[in-house]
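Trainee:
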Amino acid sequence: MDCKNLAFEAEWYDEESGLNRTFTMIYFPESNQVQLFEPRTNKMFLKKSSVDGLKPSDIYVGSEVTILARQFWLKAFGDDYTRRVLECKNEQTFAMVHPDCVRKMGTVFAEIQKTNLRIRAATLAKLTEAQALEFYREHTGKPFLPALAQYLTSGPVLALQLQGEGAVRIWRGMIGDTDPAEAQPDTLRARFGTSKTQNGFHGSDTKEDAMREINSFFPENDRTDHRVAPITSAHLKDCTCCIVKPQAFLDGKLGPIIDSIFEAGFNISGLEVIRFNRVKASEFHEVYNGVLYEFADMVAQLQAGPCVALEITWPRTLMPGRDLITQEPMSEGDNSKFKHASQDIVLAFRALVGPFDPELARKLRPNSLRAKFGEDKVRNSVHCTDLPEDGVLEVEYCFQIMRR
Ligand code: ADP
Ligand code: MG
């Protein structure tokens, strides 16, 4: 084999047998072609071929590539040469946004998406005290540790797996010095941290720490679940589901969408980067099958790449007498549709998302999410639950069924 070719272990979920099948994928950089064979039998699965839509930038560990309408997950390097060549581009780091800064996650996502770093995984999770102490075990015995553990368990944290050349250094640079008072003014800790302990953010110190930290938060990275991962902060009740679709996520709209959701007065109580395969995407959108002309395109868009699932709930403190969408004061006896919607999170959030078609949304509801972030009916930037009785079901689908 020409030593310039790259080799990967590629996994494909076989719908028929319900099993994951592993292949060796060879990537030919010069011709941008791929070849697939079964590693044990050496049986050819796909002879050297060009793949529609495949870009050299799709070739990294963790990537999902679609070959012959099948989604392959590039699970690991296939040989030492590939590892040597690509390891620096595949560098990973672990980032954490502490409870008091979770409300700033829109800004954090927007800033990350301006860099070369990819958001490989994200979860809004609750830590137990034991998990917080374990996470900072290098500081065992230090006087600030009890306060730090209390801080980390005071609410959900946002954990992120970031990937890209120089990931550890870039994220450390973005958060700045441990002490917000010493940090450069444009860094996240300087902007949002309040004290040396309550500095708002964590970033791995080394590549080795990064791998340990990533594995403790995202055990599904190796698709085994032998570790105790922090549990999702999703409530799974009185909620509705929002999915930031692959195209919108890829285009860097996640941060601005999240900011708009918070500004409208909603709470984000769960967050997870998820990947739909074809079966799951059609199952999730089944209610639209035969109802919407765009059904097939919607399914294709949903499985086109990673997306971000959000659990939307009412904030704990609602402002009485205010329109829940605009936060404008409501007059006595006002029977606007939001007053009705205020009873039901699914309907209220659907009003913020706006009409299915962004063109229509821009005319009728210019402040809705689809008006601001959508492109067309299929790439309309976000999905939200349509029927009140489906809110919990869709959230369970994203936060429980997708994890299996
Ligand atoms: P960093 O998070 O910048 O890598 P360390 O790994 O040294 O810093 O410490 C982990 C966390 O412990 C810090 O982010 C901070 O919250 C807390 N911490 C560290 N040193 C001190 C200190 N001297 N006083 C108070 N809190 C501290
Ligand atoms: Mg550290």
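Going by the numbering used here, the letters in the sequence shown line up with residues 765 to 1168, in that order. Ideal Cβ placement from N, Cα and C applies to all residues, glycine included.
1) DSSP puts R785 in a beta bridge; with which residues?
2) Could you pull the start and end residues of the beta strand (DSSP E) that F965 belongs to?
3) By alpha-carbon positions, which one of V1110, D1140 and R1114 ends up nearest to L1124?
4) Could you check how far apart the C-beta atoms of I770 and P793 are, in whole angstroms? I think they sit under 8 Å.
5) Where does L1074 land, buried or exposed, given buried means 16+ other C-beta within 10 angstroms?
6) For P938, which of G928, G919 and L952 has the nearest alpha-carbon?
7) Cutting at 6 Å between CB atoms, please list the residues of its own chain near Q927, excluding the five before and the five after it.
8) Look up F792 in the DSSP assignment and give the residues it is bridged to.
9) Use the C-beta contact count for T988: other C-beta atoms within 10 angstroms, 16 or more gives buried, fewer gives exposed.
10) Distance check for P1122 and Y1161, CA to CA, integer angstroms please.
11) Would you identify the three-state DSSP class for L1128, choosing helix, strand or coil?
12) Classify Y915 as buried or exposed, calling it buried when 16 or more other Cβ atoms lie within 10 Å of its own Cβ.
13) Which of the three DSSP states, helix, strand or coil, is assigned to E893?
14) Residues in the same chain with beta-carbon distance under 7 Å from R1039, minus the five sequence neighbours each way, listed in chain order, please.
15) Where does Q1164 sit, in a helix, a strand or coil, going by DSSP?
16) Who are the near neighbours of V1063 in its chain, counting only those whose CB is closer than 6 Å to its CB and skipping five residues on each side?
17) Of all the options F899, Y1057, R1134 and W776, which has the alpha carbon lying nearest to the alpha carbon of K1017?
18) So does F908 have its beta carbon nearer than 7 Å to some heavy atom of the ligand ADP?
19) Under DSSP, the beta strand (DSSP E) around K811 begins and ends at which residues?
20) Work out the CA separation of R955 and F873 for me, nearest whole Å.
21) Specify the secondary structure class of H862 as computed by DSSP and reduced to three states.
22) Within its chain, find whatever has a CB closer than 7 Å to the CB of G826; leave out the 5 residues flanking it on each side and keep chain order.
23) List the endpoints of the continuous beta strand (DSSP E) containing E1139.
24) Helix, strand or coil for A1068, going by three-state DSSP, please let me know.
25) Would P994 and A889 qualify as a contact pair, given that the criterion is a beta-carbon distance under 8 Å?
26) How many whole angstroms separate the CB atoms of L924 and A859, which I take to be in contact at a CB cut-off of 8 Å?
27) Can you say whether N963 is buried or exposed, counting buried as having 16 or more other CB atoms within 10 angstroms of its CB?
28) Using the C-alpha atoms, what's the distance from W776 back to V1043?
29) Please report the Cβ distance between T961 and L897, rounded to the nearest whole angstrom; I am assuming they are in contact, meaning their Cβ atoms lie under 8 Å.
30) Quick check: E773 and G842, are their CB atoms within less than 8 Å of each other?
31) So is the beta-carbon of D969 under 7 Å away from any non-hydrogen atom of the ligand MG?
32) Looking at L1111 and P1119, is the spacing between their C-beta atoms short of 8 Å?
33) What residue range does the alpha helix (DSSP H) around N979 cover?
34) Between I1022 and M869, what straight-line distance do the alpha-carbon atoms span, to the nearest angstrom?
35) Could you name the residues of the same chain whose beta carbon sits closer than 6 Å to that of D1061, not counting the 5 residues immediately before and after it, in chain order?
36) Mapping the DSSP letters down to three states, classify R884 as helix, strand or coil.
Mentor: Reading off the structure:
1) Position 21 of the sequence shown, counting from 1, holds the residue named residue 785. Beta-bridge pairing links R785 to W776.
2) Numbered from its first residue, the sequence shown carries residue 965 at position 201. Counting along the chain, the beta strand (DSSP E) containing F965 begins and ends at F965 to G967.
3) Taking the first residue of the sequence shown as 1, we reach residue 1124 at position 360. The alpha carbon of L1124 has as its nearest neighbour, out of V1110, D1140 and R1114, the alpha carbon of D1140.
4) Along the sequence shown, one-based indexing puts residue 770 at 6. Along the sequence shown, one-based indexing puts residue 793 at 29. According to the sequence shown, residue 770 is Leu rather than Ile. Rounded, the Cβ-Cβ distance is 7 Å, consistent with contact.
5) In the sequence shown, the residue the question calls residue 1074 occupies position 310. Classification of L1074: buried, given that the 10 Å Cβ count is 16 or more.
6) Here residue 938 refers to the residue found at position 174 when the sequence shown is read from its first residue. Before going further, note that residue 938 is Met rather than Pro in the sequence given. For M938, the nearest C-alpha among the options comes from L952.
7) On the sequence shown, residue 927 is found 163 positions in, with the first residue counted as 1. Excluding sequence neighbours, Q927 sits near Q856, R882 and R884.
8) Working through the sequence shown from its first residue, we reach residue 792 at position 28. Answer by DSSP bridge pairing, in chain order: Q797.
9) Taking the sequence shown and counting its residues from 1, the one referred to as residue 988 is at position 224. The pLDDT assigned to T988 is 41, lower than 50, so where the model puts this residue is not dependable; a value taken from the coordinates is nonetheless given after this. By the 16-neighbour rule on beta-carbons within 10 angstroms, T988 is exposed.
10) Taking the first residue of the sequence shown as position 1, residue 1161 is located at position 397. Taking the first residue of the sequence shown as position 1, residue 1122 is located at position 358. Near 26 Å, if we compare the C-alpha coordinates of P1122 and Y1161.
11) Stepping through the sequence shown from its first residue, residue 1128 is reached at position 364. L1128 sits in a helix when the DSSP states are folded into three classes.
12) One-based indexing of the sequence shown puts residue 915 at position 151. Result: buried.
13) By 1-based counting over the sequence shown, the position of residue 893 is 129. In this structure, E893 counts as helix in the three-state DSSP scheme.
14) On the sequence shown, position 275 is the one that residue 1039 refers to. Around R1039: E828 and P1070.
15) As a first step, residue 1164 is located in the sequence shown; it is residue number 400 there, counting from the start. In the structure shown, Q1164 sits in coil (DSSP, three-state: anything other than H, G, I, E or B).
16) As a working note, residue 1063 is residue 299 in the sequence shown. So the qualifying residues of the chain are A1045, S1046 and H1049.
17) For the purposes of this step, residue 1017 is taken as residue 253 along the sequence shown, with counting starting at 1. With distances taken between Cα atoms, K1017 lies closest to R1134.
18) Residue numbering aside, residue 908 sits at position 144 when the sequence shown is read from its first letter. True, at least one ligand heavy atom lies under 7 Å from that Cβ.
19) Residue 811 sits at position 47 when you count from the first residue of the sequence shown. Taken as a continuous stretch (DSSP letters only), the beta strand (DSSP E) holding K811 covers M808 to S814.
20) Stepping through the sequence shown from its first residue, residue 873 is reached at position 109. Stepping through the sequence shown from its first residue, residue 955 is reached at position 191. The alpha-carbon atoms of F873 and R955 are separated by roughly 15 Å.
21) Reading the sequence shown from its first residue, position 98 is the one you call residue 862. If DSSP states are grouped into helix, strand and coil, H862 belongs with coil.
22) Looking up residue 826 in the sequence shown gives position 62. Excluding residues within five positions, the ones whose Cβ falls inside 7 Å are L838, R884 and Q927.
23) For the purposes of this step, residue 1139 is identified with residue 375 of the sequence shown, where counting begins at 1. First-last for E1139: undefined, no H or E at that position.
24) In the sequence shown, counting from the first residue as 1, residue 1068 sits at position 304. Note: A1068 maps to coil in three-state DSSP.
25) Walking along the sequence shown from the start, residue 994 turns up at place 230. Walking along the sequence shown from the start, residue 889 turns up at place 125. Yes; because the gap between Cβ atoms is below 8 Å, this pair is in contact.
26) Residue 924 sits at position 160 when you count from the first residue of the sequence shown. Residue 859 sits at position 95 when you count from the first residue of the sequence shown. L924 to A859, Cβ: 4 Å. Contact.
27) Working through the sequence shown from its first residue, we reach residue 963 at position 199. Answer is buried; the Cβ neighbour count reaches 16.
28) Taking the sequence shown and counting its residues from 1, one reaches residue 1043 at position 279. Taking the sequence shown and counting its residues from 1, one reaches residue 776 at position 12. Here the alpha carbon of V1043 sits roughly 13 Å from the alpha carbon of W776.
29) Mapped onto the sequence shown, residue 961 falls at position 197. Mapped onto the sequence shown, residue 897 falls at position 133. Wrong, their Cβ atoms sit about 14 Å apart, outside the cutoff.
30) Translated into the one-based positions of the sequence shown, residue 773 becomes position 9. Translated into the one-based positions of the sequence shown, residue 842 becomes position 78. Closer than 8 Å, so yes.
31) Locating residue 969 in the sequence shown gives position 205, where the first residue counts as 1. D969 Cβ: within cutoff of the ligand MG.
32) For the purposes of this step, residue 1119 is identified with residue 355 of the sequence shown, where counting begins at 1. For the purposes of this step, residue 1111 is identified with residue 347 of the sequence shown, where counting begins at 1. No, Cβ-Cβ distance for P1119 and L1111 is not below 8 Å.
33) Sequence index remark: in the sequence shown, residue 979 carries index 215 (1-based). Per DSSP, N979 belongs to the alpha helix (DSSP H) from K971 to F981.
34) Here residue 1022 refers to the residue found at position 258 when the sequence shown is read from its first residue. Here residue 869 refers to the residue found at position 105 when the sequence shown is read from its first residue. Taking the straight line joining both Cα atoms gives about 8 Å.
35) Walking along the sequence shown from the start, residue 1061 turns up at place 297. If the five residues before and after D1061 are omitted, its C-beta is found closer than 6 Å to the C-beta atoms of V1142, all from its own chain and listed in chain order.
36) As a first step, residue 884 must be located in the sequence shown, where it is residue number 120. DSSP places R884 in strand when its eight states are reduced to three.
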